[in-house]
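Report on one structure; see the data block that follows.
Numbering (our numbering), first residue to last: 1 to 139.
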């Protein structure tokens, strides 16, 4: 948990955390009492980016600044049948289920959904060695 106060970030022990770095693929919640602009800066990934996905429920940021189709732009490795993804859209969550090597929407249609730029997903997997791979080149 980090708090922004008087122009600086602080950790849960109120120690200065201005050097906080989020590695590619990190996801986070940002809560503010009013609307805010957020600027993220850093290197844009090139080549293929691979991220470990821990067993259980975790929030994942795909790590590249482009829309990503669930069935196409992301290579899902070692997932289990019936694993799920939830994506927040507006005030609701969209649910997708992994079966037969593809993601399916709640109406059991093959998912055509694209994860928006900068969005995170909730992945629930039973696998202990799942990964995702994404091409970092521009789309």
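In this text, a Cβ means the ideal position worked out from N, Cα and C, and glycines have one as well.
- Within the same chain, and ignoring the five residues on either side of residue 130 in sequence, the residues whose Cβ sits closer than 7 Å to its Cβ are 53, 77, 78 and 79.
- Put simply, of 3, 87 and 19 the residue whose alpha carbon is nearest the alpha carbon of residue 33 is 3.
- Considered as a whole, the stretch 45-131 harbours no complete run of any alpha helix (DSSP H) with no fewer than 4 residues.
- Sorting 35, 113 and 55 by C-alpha distance to the C-alpha of residue 67 places 113 at the top.
- A residue is called buried when at least 16 other Cβ atoms come within 10 angstroms of its Cβ; residue 123 meets this threshold and is buried.
- If you look at residue 3, you'll find it in the beta strand (DSSP E) that goes 3-5.
- According to DSSP, residue 8 shares a beta bridge with 5.
- Rounded to whole angstroms, the gap between the alpha carbons of residue 93 and residue 111 is 15 Å.
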